[in-house]
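Heads up: the sequence shown begins at 1 in full-length UniProt numbering, then just goes up one per residue. Note that CB positions come from ideal geometry on N, CA and C, so glycine has one too.
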Amino acid sequence: MAREVLGLGKQLAAEATCPLCLDLFAQPVLTACGHSFCGQCLEGVLGDPPRRAACPQCRAAVEPGSLRPNRSLGAMAGLARALEEVAARPLCPEHGELLALFCEPCAAPLCALCRDGPGHRQHRVRPADEAARELRVRGGAATGAGEGLGAFAGRGGVAEGHRLASPPANPKVEEKLLKAPK
Numbered sequence: 001m002a003r004e005v006l007g008l009g010k011q012l013a014a015e016a017t018c019p020l021c022l023d024l025f026a027q028p029v030l031t032a033c034g035h036s037f038c039g040q041c042l043e044g045v046l047g048d049p050p051r052r053a054a055c056p057q058c059r060a061a062v063e064p065g066s067l068r069p070n071r072s073l074g075a076m077a078g079l080a081r082a083l084e085e086v087a088a089r090p091l092c093p094e095h096g097e098l099l100a101l102f103c104e105p106c107a108a109p110l111c112a113l114c115r116d117g118p119g120h121r122q123h124r125v126r127p128a129d130e131a132a133r134e135l136r137v138r139g140g141a142a143t144g145a146g147e148g149l150g151a152f153a154g155r156g157g158v159a160e161g162h163r164l165a166s167p168p169a170n171p172k173v174e175e176k177l178l179k180a181p182k
């Protein structure tokens, strides 16, 4: 499901992109010919002081006084930015869901589906942001069931019944914990 949402987010971002700066719209304005641009991008076209110019898309005349804020498009760009932030969060390689949880005995980030699976059902699981805060407070040495990341790495990074790409002592896993949803 998360992957489908992220795909829709990419489509939304494409629609909310200024054709001049190729970034998400910032304070978009609407021209009389119906095209939208970032306010600052169009200011560059109109010059200083603003003068009549041609629309960068259709070449129709653009009068500086005829520009109107495009609040709906600005809101859409804000949603696209929020979805980009979500897309930057780590996903479970098995289920494609957000890794929002942390299994203490396994010292591994989990999605909600992994938590409910047979491998973690009896384990102490807590929110990943809480585990990440503890990791920061302890200076990188989180503990779980009396072991910690170092002991887990000493077992080769694979807890019984679990598939992990790298040991949790690896900075990538710590980074996943630190990027977990807040």
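Measuring straight from C-alpha to C-alpha, what distance separates residue i and residue j?
i    : j    : result
R136 : D129 : 10 Å
L101 : S66  : 51 Å
C103 : G44  : 52 Å
C106 : E94  : 16 Å
A53  : C21  : 18 Å
L73  : G96  : 30 Å
Q57  : A88  : 32 Å
L98  : R126 : 14 Å
R81  : K10  : 10 Å
A32  : L83  : 30 Å
V86  : C114 : 19 Å
L46  : P64  : 7 Å
Which residues share a DSSP beta bridge with residue i?
i    : result
R68  : L30
L91  : L98
A54  : A61
L113 : DSSP, once it has assigned bridges, lists no residue as partnering L113.
Where do the N-terminal and C-terminal ends of the alpha helix (DSSP H) with residue i fall, by residue?
i   : result
C41 : G39 to L46
With DSSP collapsed to three states, give me the class of residue i.
i    : result
C103 : strand
R138 : coil
L20  : coil
G148 : Only weak support exists for where G148 lies, its pLDDT of 38 falling under 50; the value from the coordinates is given anyway. Coil, per DSSP.
Mind checking which residues open and close the beta strand (DSSP E) that includes residue i?
i    : result
L110 : A108 to L110
R126 : V125 to P127
Beta carbon of residue i: closer than 7 Å to some heavy atom of the ligand FMN?
i    : result
R133 : As far as ligands go, the structure on display features none, and thus does not contain the ligand FMN.
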